[in-house]
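Colleague: Supplied in structure tokens, the structure appears directly below.
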Amino acid sequence: MNNQTDLIEIAKQTLIKNDLGGYTVPTHGLYPFQWNWDSAITALGWMKFDEARAWQELELLFSGQWDNGMIPHVLFHKESDTYFPGPDVWGSDKKVKSTSISQPPVLASVMKIMFDSCQDRALVDQKMAEFMPKLVEYHLWWYRERDPEQTGLVVSYHPWESGMDNSPAWDDALAAVPPVTWQYTRCDTTHINASERPHKEEYDRFLYLVEFFKNHNFDSNYIYQHCPYKVNDIGIIAILHKATKDLIELCKLANYAHPELQTLVDNVKLTESSINTLWYAEEQYFYSRNALTDTLCKVKTNAGLLTLYAGLVSPSQAAVLKPLAKSWATASTYSMASTHPKSDKYEPQRYWRGPIWLHINWMIAEGFADYDDIELADMLKNDAKHLIEKTGYYEYFHADSGAGCGGGAFSWTAAIALYWLLDNPAVTK
Ligand code: GLC
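What follows is the structure, given as structure tokens:
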């Protein structure tokens with residue numbers, strides 16, 4: 171058991187050790203590059219002790235932005251032989267080598283927090299001038315390329331884009347993707363016990379999609395028409411929605427006028443008017459949808475609760491989600507399992523099929539606080555604190571035993587601890 175001061179120091183050291191010269195790897199070995207939403211979350215941790223370094227994290231992330239506005243899910247700044255699939259498999263042809271999909275766009279929400287809290291205002295002004303045009307382009311990319319028919323609900327082309335790689339919500343949609351037939355060697359299972367990672371059947375299909383994008387020259391129109399995996403991911407939709415609202419606010423605060431700002435305002439309204447097509451009345455829950463078959467992905471995963479964080483939930487829906495979340499949170503020893511523990515898909519140690527992820531808990535807790543359920547928000551926060559005290563900064567946590575799973579010395583866990591968990595006096599439970 172570590173005390174608060176030790177935990178703060180260990181968290182800082184974790185970020186410092188994972189710093190590869192301006193960007194932070196999630197953890198050495200398993201993830202040796204810059205990941206999109208990891209970096210955004212990690213910047214929140216850097217903000218607590220090195221503001222300039224926090225902004226630099228974003229600078230490196232923006233350095234990999236594509237001409238069409240997309241910010242990729244991984245930037246391969248330097249070579250590494252500890253990860254597969256690398257830039258050759260992705261067929262990267264950009265100056266900064268990268269993957270060809272994005273990740274949950276929490277970046278603008280993080281930038282808003284950084285804008286609000288940064289002590290060095292001269293630095294903020296400089297960074298806003300530099301980053302705001304790029305940030306707006308990123309959001310315009312999401313709505314233009316991933317919702318070309320203006321449905322209000324963007325689509326995702328790969329489970330890796332969701333950031334929740336092997337969530338049971340993707341099982342059916344992914345099963346329809348052909349597997350690759352060539353041989354390959356995974357690196358992840360040389361670092362981590364296979365019982366905590368996705369199965370080969372999933373990897374075969376993850377790789378098919380990677381090749382599909384490359385074989386079609388990353389052509390957005392073609393991919394939109396023909397991609398064998400197309401999902402309205404409730405997690406991405408919620409995070410994008412919240413981030414776009416934060417971005418619009420940030421434009422006002424930073425006095426930044428972009429000619430297409432109104433497009434963002436219009437898309438926010440559009441999502442608000444269409445979100446209920448993902449609400450399954452019979453089970454009173456928000457689900458992702460397989461856009462190819464027009465069927466909801468009916469597995470209760472924590473992504474559905476991000477709608478609260480996004481402010482997309484009506485009062486009557488919130489009244490149903492609160493007791494559900496409470497029974498969910500108490501169905502495992504620690505809150506809140508990424509898949510509902512009563513689901514037959516629940517696996518408490520396997521990656522996104524049950525374990526607890528602290529950065530998601532932070533967002534969900536914010537959502538409950540916004541909807542005036544402080545008790546639930548506190549429960550998530552207290553449990554998160556217990557997990558890091560008990561185990562340290564692991565990638566994710568076993569929802570019943572509390573054991574650390576996946577990679578150790580993990581950046582976003584350390585960062586979210588610095589930002590969310592360690593500011594306040596010790597919690598007693
Ligand atoms: C895994 C996670 C993803 C994360 C990445 C790096 O792929 O599923 O969300 O961004 O690792 O930590």
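Letter 136 of the sequence shown, counting from 1, is numbered 306 in the numbering used here, and no numbers are missing. Note that beta-carbon positions come from the ideal geometry of N, C-alpha and C, so glycine has one too. Only a predicted model underlies this, so the values are computations on that prediction, with no experimental measurement involved.
1) Of the choices E536, F285 and I409, whose alpha-carbon is the least far from that of L423?
2) Please name the residue in G481, Y541 and A535 whose C-alpha comes closest to that of L550.
3) For V435, count neighbouring Cβ atoms within 10 angstroms of its own Cβ and tell me buried if that reaches 16, exposed if not.
4) Taking the straight line between their C-alpha atoms, what separation do you get for S484 and S443?
5) Can you give me the C-alpha to C-alpha distance between D290 and L462, rounded to a whole angstrom?
6) May I ask you to check if the CB of G199 is nearer than 7 Å to at least one heavy atom of the ligand HEM?
7) Pick helix, strand or coil for K551, following the three-state DSSP scheme.
8) Could you give the residue range of the alpha helix (DSSP H) that holds P485?
9) Among the candidates R523, S505 and G524, whose CA atom is the shortest distance from the CA of W532?
10) Can you name the start and end residues of the alpha helix (DSSP H) that V438 belongs to?
11) Using 8 Å as the cut-off, can you tell me whether the segment 576–589 makes contact with the segment 212–227, which would need three or more C-beta pairs spanning the two stretches below that distance?
12) Can you list, in chain order, the residues of its chain whose CB lies under 6 Å from that of E315, leaving out five sequence neighbours each side?
13) Looking at W527: is its Cβ nearer than 8 Å to the Cβ of Y566?
14) Just to confirm, are D403 and S513 a CB contact at a threshold of 8 Å?
15) Look at the alpha carbon of L277 and the alpha carbon of M334, and state the distance between them as a whole number of angstroms.
16) May I have the straight-line CA-CA distance separating L344 from L475, to the nearest angstrom?
17) For Q454, tell me which candidate among D464, S486 and V347 has the shortest Cα-Cα distance.
18) With DSSP as the reference, label W225 as helix, strand or coil.
19) Since I believe A569 is in contact with P511 (beta carbons under 8 Å), could you give me their beta-carbon distance rounded to a whole number of angstroms?
20) Sorted by chain position, which residues of the same chain lie with C-beta nearer than 7 Å to P595's C-beta, five sequence neighbours on each side aside?
21) At which residues does the alpha helix (DSSP H) containing G524 begin and terminate?
Modeller: With the given structure in hand:
1) Comparing Cα positions, the closest option is F285.
2) Per the Cα distances, A535.
3) In summary, V435 is exposed, with fewer than 16 beta-carbon neighbours lying within 10 Å of its beta-carbon over all protein chains present.
4) Near 12 Å, if we compare the C-alpha coordinates of S443 and S484.
5) One C-alpha to the other measures close to 48 Å.
6) As for the ligand HEM, it is missing from this structure, which binds only the ligand GLC.
7) Here K551 carries a helix assignment [DSSP, helix/strand/coil].
8) Unbroken alpha helix (DSSP H) run through P485: P485 to A501.
9) W532 has its Cα closest to that of S505, out of R523, S505 and G524.
10) Note, V438: alpha helix (DSSP H), L431 to S444.
11) Flag = yes, the segment 576–589 and the segment 212–227 touch.
12) Short of 6 Å from the beta carbon of E315, and not among the five residues preceding or following it, lie these beta carbons of its own chain, in chain order: S390.
13) The answer is yes: Cβ separation under 8 Å.
14) Cβ atoms of D403 and S513: not closer than 8 Å.
15) Those two C-alpha atoms are separated by around 17 Å.
16) Rounded to whole angstroms, L344 to L475 spans 22 Å at the Cα level.
17) Here the closest residue by C-alpha is S486.
18) The answer is helix: DSSP assigns W225 an H, G or I state.
19) Distance from P511 to A569 at the Cβ level is roughly 7 Å; contact confirmed, criterion being Cβ atoms closer than 8 Å.
20) Note that P595 scores a pLDDT of 44, beneath 50, so its modelled location is shaky and nothing firm can be said.
21) Here G524 belongs to no alpha helix (DSSP H), and DSSP marks it neither H nor E.
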